[in-house]
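Count along the sequence shown starting at 1, add 17, and that's the number in my numbering.
First the structure, in the form of structure tokens, and then the observations on it.
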Amino acid sequence: MFPKPAFPHSPPHRILVAQLGAQQHYSIPIALHQLGWLQQFYTDFYWSPLEVRCLQELCQFKAMGAKVQFGLSRHNSQLDFDRVTRFNWLGVRYRQALHHATARLYEYWAHLHYGRRFGQAIERQGLPDATHLYAFDHGALALFEAAKSRSIACILDQRYPAFQEEGLEWQEERRWQGWAIDPCTQFYRSPLFQQWSEVQRAEWQLADRIVVPSSYTHRSMVAIAPTLQFKLHIVTPMGNVDAYRLLQQVRQYRGDRPLRVLFVGRVNLRNGIPDLLTAFQRIDPCWASLTIAGRLCLQPERLQPFQNRVTFLGSVPSIHLPQLYRSADVLILPTISDGFGTVISEAMATGLPVIATDHCGDLVQHGVNGWRIPIRQPDAIAYAIRYLHHHPDLLVHLSHGAIATSQTQTLQNYQTHLAQLLPQP
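Here you go:
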């Protein structure tokens, strides 16, 4: 059922992967497993094949739909279950802590607390013989310390531009005072943020390689910690976009109706929502409409004046996102800071061009599959949208480019990039 290693004896690499959650739908352990290099995969909540079959039986009950879909997301049939070590109770408590977090302070506490407990749980079992350990930021420190004592090379997956992102978000709160439901000020002034920062720097120090998702994250980290530059390697993340490719189509926009603009993500300051709303005040309703899908993290009274121009959908289950992308003409991501922007790869898989700032992933190429804009520039957002409305042929061209870009996001390419970053143990 599972691909066999291509090595007659011992493989050149024996890699441990430690990952909280289902990031990229387990693409990292899958890629390494298919290369024959995965020694063991450690995670929190994960279903066995038998448990998945039981869950699938529950799909017939509509009341269980959302819970079942979440459950099915915590399994991947491309992974050999014999190579999975799971800590389900830790995963349940971690998810409960995040669900009940009423402020950012408690959310970050949960990440730190359960990241530490996850590492300790793995350490108690004893690390098997391996050449490399691959772990994620704020969940790697205890594991790296144990790995170093056994001469195991350490790879840190750094998903966001640490310190740069926090600084930009602080600035946004000063620009848009009174907008955020949960201001970051309390967290950034707390001892917890100091602890968060200390863990981050300690992981950087111990890591032999640091994987970052974009040139933006790379630039940001070099600016903050120049001595890290030799450790940094850019690897574009690979998500599971198969469900999105099923609805792939070239956008055939003719300019005879308003351009359907879509935003998907948290409705917060970091994603540049006030700039986006300001831009739409400067756009004729005959030229474009805006739909915003995502959890609302801004004060309702601040959004109220835009209700007549903007459709706010709130949180949308991931199972409905492919159809939402397909119904749009262009995706907009005016983010102030995002290490990658998973919504970009999802959108392009459906053939949707993307307008994005230069503070996110590298997939968007200006004039090829989308439009690049600077951060904090409502006029630039408005200009891009007006231009696409008045030049529908360009939108069709960008849609072709989005599909072509999506076709390059293959497991084989991802494996090649992973292999290139492995340090000698």
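The beta-carbon is built from N, C-alpha and C at its ideal position, and this holds for glycine as well.
Cutting at 7 Å between CB atoms, please list the residues of its own chain near G368, excluding the five before and the five after it.
Result list for G368: Q265, Q266, V267, R268, S416, A419, I420, in chain order.
Would you say V3 and Q175 are within 8 Å of each other, going by their C-beta atoms?
Since the displayed the chain opens at 18 and closes at 442, residue 3 lies outside it and no answer follows.
Whole beta strand (DSSP E) runs in the region 290-319 with 3 or more residues, listed along the chain?
Counting whole runs of 3 or more residues, the region 290-319 contains the beta strand (DSSP E) stretches 305-310.
Could you compute how far the alpha carbon of V108 sits from the alpha carbon of D273?
This sequence places Gly at residue 108; Val is not what is there. Each residue's Cα considered, the two are about 50 Å apart.
Can you grab the Cα-Cα spacing for the pair Y63 / D99, in whole Å?
The alpha-carbon atoms of Y63 and D99 are separated by roughly 12 Å.
To test your reading of the DSSP string, which unbroken alpha helix (DSSP H) runs of 4 or more residues are found completely within the region 159-237?
Whole alpha helix (DSSP H) segments, 4+ residues: 181-192, 202-205, 208-223.
Just list the residues that DSSP pairs Q57 with in beta bridges.
Looking at the DSSP assignment, Q57 forms a beta bridge with L33.
Which residues share a DSSP beta bridge with G387?
Partner(s): V371, H383.
In angstroms with no decimal places, state the Cα-to-Cα distance between I353 and R283.
In a straight line, the C-alpha of I353 is about 13 Å away from that of R283.
Between which two residues does the beta strand (DSSP E) carrying L103 extend?
Note that residue 103 is Arg in the sequence shown, not Leu. R103 -> beta strand (DSSP E) spans 101-103.
Helix, strand or coil for V239 per DSSP?
In this structure, V239 counts as helix in the three-state DSSP scheme.
For D375, collect the residues of the same chain with a Cβ closer than 6 Å to its Cβ; drop the 5 residues on either side in sequence, then sort them by chain order.
Closer than 6 Å at the Cβ level, and outside the excluded window around D375, lie R389.
CA-CA distance, A127 and A305?
Taking the straight line joining both Cα atoms gives about 41 Å.
Leaving out five residues on either side along the sequence, give the residues of the same chain with a beta carbon under 6 Å from the beta carbon of F323.
These residues qualify, in order along the chain: L294.
Kindly indicate which residue of R141, R121, R167, Q40 has the alpha-carbon position closest to the one of A152.
Ranking the options by Cα distance to A152, first place goes to Q40.
Between F247, S344, Q137, which has its C-alpha nearest L279's C-alpha?
L279 has its Cα closest to that of S344, out of F247, S344, Q137.
Got a sec, what are the start and stop residues for the beta strand (DSSP E) A152 sits in?
Looking at the DSSP string, the run of the beta strand (DSSP E) that includes A152 is 149-153.
Measuring straight from C-alpha to C-alpha, what distance separates F204 and E182?
Approximately 14 Å between the Cα atoms of the pair.
So what does DSSP say about V327, is it helix, strand or coil?
In this structure, V327 counts as strand in the three-state DSSP scheme.
Can you grab the Cα-Cα spacing for the pair K21 / G53, in whole Å?
A caution first: K21 carries a pLDDT of 47, below 50, which makes its placement in the model unreliable, though a value can still be read off. Going from the Cα of K21 to the Cα of G53 covers about 7 Å.
Since I believe V281 is in contact with V360 (beta carbons under 8 Å), could you give me their beta-carbon distance rounded to a whole number of angstroms?
Indeed they touch by this definition, with Cβ atoms about 5 Å apart.
When the cut-off is 8 Å and only beta carbons count, does I241 lie next to chain B?
Considering every chain present, this structure includes no chain B. It has just one protein chain.
List the residues that DSSP assigns as beta-bridge partners of R277.
DSSP, once it has assigned bridges, lists S306 as partnering R277.
Hey, L315 and W196: beta-carbon distance below 8 Å or not?
It is a contact, given that the beta carbons lie within the stated cut-off.
Residues in its own chain within less than 6 Å of G136 by CB, not counting five upstream and five downstream?
These residues qualify, in order along the chain: A159, L160.
Let me know if C303 comes out buried or exposed under the rule of 16 or more other beta-carbons within 10 Å of its beta-carbon.
With fewer than 16 Cβ atoms within 10 Å of its Cβ, C303 is classed as exposed.
Taking 7 Å as the limit between beta carbons, can you name the residues of its chain near W193, skipping five residues before and five after?
For W193, where only same-chain residues beyond five positions count, the Cβ hits under 7 Å are L286, P291.
Restricting to Cα atoms, I'd like to know which of L249, P409, W213 is closest to P275.
Considering only alpha carbons, the answer is P409.
Starting from V333, trace the beta strand (DSSP E) in both directions and tell me its first and last residue.
From DSSP, V333 is part of no beta strand (DSSP E); its letter is neither H nor E.
Expressed to the nearest angstrom, what Euclidean distance is found between the alpha-carbon atoms of P28 and A397?
Cα to Cα, the separation comes out at about 51 Å.
Buried or exposed: where does C201 fall if 16 or more other Cβ atoms within 10 Å of its Cβ makes it buried?
Label assigned to C201: buried.
Between which residues of its own chain and R31 is the CB-CB distance below 6 Å, once the five residues before and five after are set aside?
Once the five neighbours on either side are set aside, the close Cβ partners of R31 are Q56, A147, T148.
Assign H250 to one of three DSSP states: helix, strand, or coil.
Correct three-state label for H250: strand.
Under 8 Å between the Cβ atoms of A48 and L438?
Not in contact: A48 and L438 (Cβ atoms no closer than 8 Å).
Tell me the DSSP bridge mates of V284?
DSSP lists L313 as partners of V284.
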